[in-house]
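What follows is a single structure, written as structure tokens, with notes after it.
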Ligand code: SF4
Ligand code: SF4
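Shown next, in the form of structure tokens:
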């Protein structure tokens with residue numbers, strides 16, 4: 083029987099105590115998986131976020147995910163996308179400091195808040211924080 087191959091994009095949330103540990107590199111050595119780091123955001127005082135594309139056999143993928151979870155990482159699937167409903171946004175700025183990847187920026191001239199979705203890792207934190215509910219989760 084041919085083993086099923088998978089390729090998935092996930093977001094890893096590293097608690098502060100694990101930020102400097104080489105956890106993901108064991109996916110290659112111990113679980114025969116390949117990975118690409120698509121985005122990574124680490125700040126010294128907070129949790130780290132990493133967006134990975136992992137590929138390999140389904141069985142190895144499942145074991146690799148179990149290992150990451152047991153190591154203390156929180157794992158989120160990237161099959162979801164966060165978008166801004168431009169009609170609802172009042173440019174209040176409440177999302178700017180909440181976003182761990184600095185996807186929001188205040189334009190000093192127009193005083194409007196720009197949303198850079200290339201930086202967004204769909205963590206969902208801005209959804210609860212946005213007063214007019216302009217940030218929406220799409221699956
Ligand atoms: S919190 Fe919501 S309304 Fe305020 S700037 Fe951000 S997206 Fe716009
Ligand atoms: S979901 Fe919101 S808070 Fe999270 S990374 Fe994207 S823009 Fe930032």
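Residue numbers (the working numbering): 83 to 221.
A virtual CB, placed ideally from N, CA and C, is assigned to each residue, including glycine.
All values reported here derive from a predicted model rather than from experimental measurement.
Query: Quickly, what does DSSP pair residue 173 with across the bridge? List them, please.; Result: DSSP output for residue 173 lists no bridge partner at all.
Query: What's the gap between the Cα of residue 219 and the Cα of residue 130?; Result: 21 Å
Query: Taking the Cβ atom as the reference point for each residue, do residue 143 and residue 115 lie within a distance shorter than 8 Å?; Result: yes
Query: Among 86, 88, 87, 94, whose alpha-carbon lies nearest the alpha-carbon of residue 160?; Result: 94
Query: Look at the alpha carbon of residue 174 and the alpha carbon of residue 195, and state the distance between them as a whole number of angstroms.; Result: 8 Å
Query: Does DSSP put residue 178 in a helix, in a strand, or in coil?; Result: coil
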